[in-house]
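Notes follow the structure.
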Amino acid sequence: MTENSNIEATGMSASIQPSSPSSGIRKNRSAVWDHFDVENATEKKAKCKYCGSLIQYGNGTSSIGGHLRRCKQNPNNDSNKRRKTMTTPTIDERGVLNSPSASKFDQEEARRALVEMFIGEELPFRFVESPKFRKFVYALQARFKVPSRTTLARDIGALYAEEKMKLQDFLSANCVDNASSNDVAIKYLKQRLNSWNSIILNGEFIHMRCCAHIINLIVKEGLKEIDESVLRICSAVKYVRSSPSRASRFQKCVELEKNQYKGLPCMDVETRWNSTYQMLEVALKHRKAFELLTLKDNTYIGEMNGGKGRGVPSDSDWEYAESIVPFLRVFSDATICVSGTLYVTSDMYMNEVFAIGRFIRHSCDSVDFSTMSMAERMRVKYEKYWGNPDSVNILLLIAIVLSPMQKIEYVNYFLDYFFGEEKGGKLKSKLSKCIKLLYQQYQSSEEASEADT
Numbered sequence: 001m002t003e004n005s006n007i008e009a010t011g012m013s014a015s016i017q018p019s020s021p022s023s024g025i026r027k028n029r030s031a032v033w034d035h036f037d038v039e040n041a042t043e044k045k046a047k048c049k050y051c052g053s054l055i056q057y058g059n060g061t062s063s064i065g066g067h068l069r070r071c072k073q074n075p076n077n078d079s080n081k082r083r084k085t086m087t088t089p090t091i092d093e094r095g096v097l098n099s100p101s102a103s104k105f106d107q108e109e110a111r112r113a114l115v116e117m118f119i120g121e122e123l124p125f126r127f128v129e130s131p132k133f134r135k136f137v138y139a140l141q142a143r144f145k146v147p148s149r150t151t152l153a154r155d156i157g158a159l160y161a162e163e164k165m166k167l168q169d170f171l172s173a174n175c176v177d178n179a180s181s182n183d184v185a186i187k188y189l190k191q192r193l194n195s196w197n198s199i200i201l202n203g204e205f206i207h208m209r210c211c212a213h214i215i216n217l218i219v220k221e222g223l224k225e226i227d228e229s230v231l232r233i234c235s236a237v238k239y240v241r242s243s244p245s246r247a248s249r250f251q252k253c254v255e256l257e258k259n260q261y262k263g264l265p266c267m268d269v270e271t272r273w274n275s276t277y278q279m280l281e282v283a284l285k286h287r288k289a290f291e292l293l294t295l296k297d298n299t300y301i302g303e304m305n306g307g308k309g310r311g312v313p314s315d316s317d318w319e320y321a322e323s324i325v326p327f328l329r330v331f332s333d334a335t336i337c338v339s340g341t342l343y344v345t346s347d348m349y350m351n352e353v354f355a356i357g358r359f360i361r362h363s364c365d366s367v368d369f370s371t372m373s374m375a376e377r378m379r380v381k382y383e384k385y386w387g388n389p390d391s392v393n394i395l396l397l398i399a400i401v402l403s404p405m406q407k408i409e410y411v412n413y414f415l416d417y418f419f420g421e422e423k424g425g426k427l428k429s430k431l432s433k434c435i436k437l438l439y440q441q442y443q444s445s446e447e448a449s450e451a452d453t
């Protein structure tokens, strides 16, 4: 048996042919050397032709042969061939798993699928170390090495970093806090976008205020002087949520009143106006349960009436709450509408602004003094942010114009309604001019694109 045969018997593929010796110079006879270049004969280092790694070799070829079998760039490796034939199962629109026809086991692919499963199903990390889960995996594929929960956590972090990098290609907006006007940041963004030749209308309308945040400021202004009725209901809710035993007693009252809504009222948070709305909305559903609690729980009466207590909610308190909940619901629905992430909101922004403005104006003429005073305070804040025609973002008006449901007549009506004929007329002219400029810009970019092709 020749030396070539001995080396090939150690595990190299039979498809590798030994190099033919040339006359006068003795060549290394192993086929392994076809895949390496000797870099330093003195130090006995060889360079892999595929990955460029320097491998120290001795009198034999075991070290470089081992590297050749492990080299990820080597096209002759079985592991690399396996990766090429390995295909990931897909899920069709009916939710049916389509398994690939020719598939070989791959530890890395299976490990990534495990990570995606834990993320998608929101499973706890310790579940991966469950004996039952490991037994199940072993029955499916005995060669799969189930990672520990620590390793799984690292893999999830790595996948998060990978997906985060991909998201940069889809970045379409940059949100900043509202602590200042952010003029410096906007100026920088304009310069960068302009240098990339990807800015519209010279960035004149790139800066836009957050609609949901402004709604929050408007409602907070209206609730600044909260009526005593709301405070008494809030105190009653705090009593119920203060301990499990009190919550249990209240729950019994709910059952006795046969209320179909079983949830407890949520706590009011001072920094979040919508929590006040949600608290009142749920508390009204349990009005009879609170009234029954007054008859059955002496501790409740003593705490509400004694010390710093404001008293038990009366019939007039509940009636007041019933009057302002529909008022607050308008703002809550608007906030939810413009905060959506799974649908287009650009054509909804100014619609909600117009609707809120009209609602506040009508509420200022309400016969109910509390509603009227609340609306008056809100109107001041509304005029501050949306009452000036110069502060209106024209692109948001264009979004309504392009909507099949409203069109330009709808926009013109509300511009005259809110700003009057003089200021509204100027804004309408600005809108018309901006639409033409926007069309011309898209037309020129389309012509340039066709010229390049």
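Residues in the sequence shown are numbered consecutively from 1, following UniProt numbering.
Beta carbons: idealized from backbone N, C-alpha and C, even for Gly.
Quantities reported herein were computed from a predicted structural model and do not represent experimental measurements.
Counting only the same chain and skipping the five closest in sequence on each side, list residues whose C-beta sits under 7 Å from that of Lys-190.
Ile-199, Gly-203 and Ile-206
What is the DSSP secondary structure of Leu-193, reduced to helix, strand or coil?
helix
If you drop the 5 nearest sequence neighbours on each side, which residues of the same chain put their C-beta closer than 8 Å to that of Met-372?
Ser-363, Cys-364, Asp-365 and Ser-366
Lys-407: CB within 7 Å of a non-hydrogen atom of the ligand GTP:
The ligand GTP is not among the ligands present in this structure, which contains no ligands whatsoever.
Whole angstroms are fine: how far does the CA of Gly-309 sit from the CA of residue 505?
With the chain running from 1 to 453 in the structure shown, residue 505 is simply not present.
Using 8 Å for Cβ pairs, my map puts Ser-229 next to Asp-317. What's the rounded Cβ distance?
4 Å
Just confirm the distance between the C-beta atoms of Ala-289 and Glu-322, as a whole number of angstroms; I'd bet it's less than 8 Å.
In fact, because the Cβ distance is near 16 Å, the residues do not count as touching under 8 Å.
In chain order, what residues of the same chain have a beta carbon less than 8 Å from the beta carbon of Ser-148, not counting five sequence neighbours either side?
The beta carbon of Ser-148 sits closer than 8 Å to the beta carbons of Val-128 and Glu-129 from its chain, once the five residues preceding and following it are set aside; these are given in chain order.
Counting pairs of Cβ atoms below 8 Å between the segment 295 to 305 and the segment 227 to 245, do you hit three or more?
yes
Give a yes or no on whether the C-beta atoms belonging to Ala-46 and Glu-39 are separated by under 8 Å.
yes
Unbroken alpha helix (DSSP H) runs of length 4 or more, entirely within the segment 228 to 298: which are they?
Complete alpha helix (DSSP H) runs here, min 4: 228 to 241, 244 to 256, 273 to 285 and 287 to 296.
Do Ser-332 and Tyr-277 count as a contact pair if the criterion is CB distance below 8 Å?
yes
Does Glu-434 come out as helix, strand or coil in the three-state DSSP assignment?
As written in the sequence, residue 434 is Cys, which differs from the Glu given in the question. Helix.
Quick check on DSSP: helix, strand or coil for Lys-47?
strand
Which listed residue (Trp-386, Gly-58, Ala-247 and Met-279) has its alpha carbon closest to that of Cys-234
Ranking the options by Cα distance to Cys-234, first place goes to Met-279.
Residue 454 in three-state terms, based on DSSP:
Residue coverage of the chain in this structure runs from 1 to 453, which leaves residue 454 outside it and unanswerable.
With the cut-off set at 8 Å, would you say Ile-400 and Tyr-413 are in Cβ contact?
no
Looking at the structure shown, is Ile-218 part of a helix, part of a strand, or coil, going by DSSP?
helix
How many angstroms separate the CA atom of Leu-304 from the CA atom of Val-392?
Looking at the sequence itself, residue 304 is Met, so the reference to Leu does not match. Computed Cα separation, rounded: 48 Å.
DSSP three-state assignment for Gln-73, whether helix, strand or coil:
coil
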